[in-house]
Amino acid sequence: MVSDPKQLRRGAVQRKYRAVSQSPENQFPYPVGRSSALYLGYPPGVLATIPAAAVDRFVGVGNPFLVHEPKRGDRVLDLGCGSGLDVFVAATLVGSQGSAVGVDLTTEMLARPGQCSTGHGSIQFLVADIERLPFADAAFDLILSNGVLNLVPDKDRAFREMRRVLRPGGILAAADLIVVDAIPAEVLEDINAWST
């Protein structure tokens, strides 16, 4: 039996997102899918070039491209990429000289096979833990995160890893949920609350 709180949280997140990978509707207290992406400011023309499954299974909470848009040739890492929407958008922006890599803790959330051959430059999807990234130091110009950092049990370790794989002067563009009031004790003690 696992008793480490961080491992318990990680397990709850994995269980939740396995279910989300099958059907994201009614899993969150906010809209998901294509209508959410449009509401958050993703350009309809760009969404039209992305595999429908990546758009329809989108569960992000914001649009990190409003924080920073990658340039042609940039190397982009998307942490907790889920269905891959932000990876595909990044690949469109960086072109064939750049690259877009998506990592997710849950295999089921990753883009489906065959989606990577869409003419979106160099795209790669990997199963990886944000707290232990399998990349060389300074490997990326831009790191994206969309609704994921709040789910990470060891945020200090995750931020150290992000700093390690981001080149000096690189950028972290994140959209996430934040807490503005005290969290009730019963919510803090509910392991499933860490995955919503």
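As numbered in this note's numbering, residues 531 to 726 make up the sequence shown, in order.
Cβ atoms here follow ideal geometry from the backbone N, Cα and C, with glycine treated the same way.
Given the structure is predicted, the values throughout are model-derived calculations rather than measurements.
- Note on geometry: alpha-carbon atoms of Q537 and D684 lie some 10 angstroms from one another.
- Residue burial annotation: A704 is buried, with at least 16 other C-beta atoms found within 10 angstroms of its C-beta.
- Residue pairing of V589 in beta bridges, as defined by DSSP: absent, with no partner found.
- With respect to the C-alpha of A567, the residue from Q552, G590 and T579 having the closest C-alpha is G590.
- Contact annotation: A630 and I653 have beta-carbon atoms nearer than 8 angstroms.
- The shortest CA-to-CA distance from A666 to any of L635, V617, F595 and L607 is the one to L607.
- Secondary structure within the segment 627-684: not one fully enclosed alpha helix (DSSP H) run of 4 or more consecutive residues is present.
- Taking each of A620, G575, G603 and P554 in turn and checking the Cα distance to S675, the smallest one comes out for A620.
- With fewer than 16 neighbouring CB atoms inside 10 Å of its own CB, A715 falls in the exposed class.
- In the structure shown, D686 adopts helical secondary structure according to DSSP, grouped into three states.
- Membership of G700 in the beta strand (DSSP E) is indicated by the continuous run L696 to A705.
- The bridge partners DSSP lists for D608 are G632 and L674.
- Taking C-beta separations shorter than 7 angstroms and ignoring five residues to either side along the sequence, the partners of R694 in its chain run D667, following chain order.
- In the three-state reduction of the DSSP assignment, Y560 falls in the coil class, being assigned neither a helical nor a strand state.
- A Cβ-Cβ separation of about 11 angstroms leaves F618 out of contact with A582 under the 8 angstroms criterion.
- Leaving aside the five residues that flank V710 on each side, none in its chain has a CB nearer than 8 angstroms to its CB.
- For R548, the closest C-alpha among the options D604, G612, T579 and G625 is that of G612.
- If the five residues before and after V576 are omitted, its C-beta is found closer than 7 angstroms to the C-beta atoms of V619 and T622, all from its own chain and listed in chain order.
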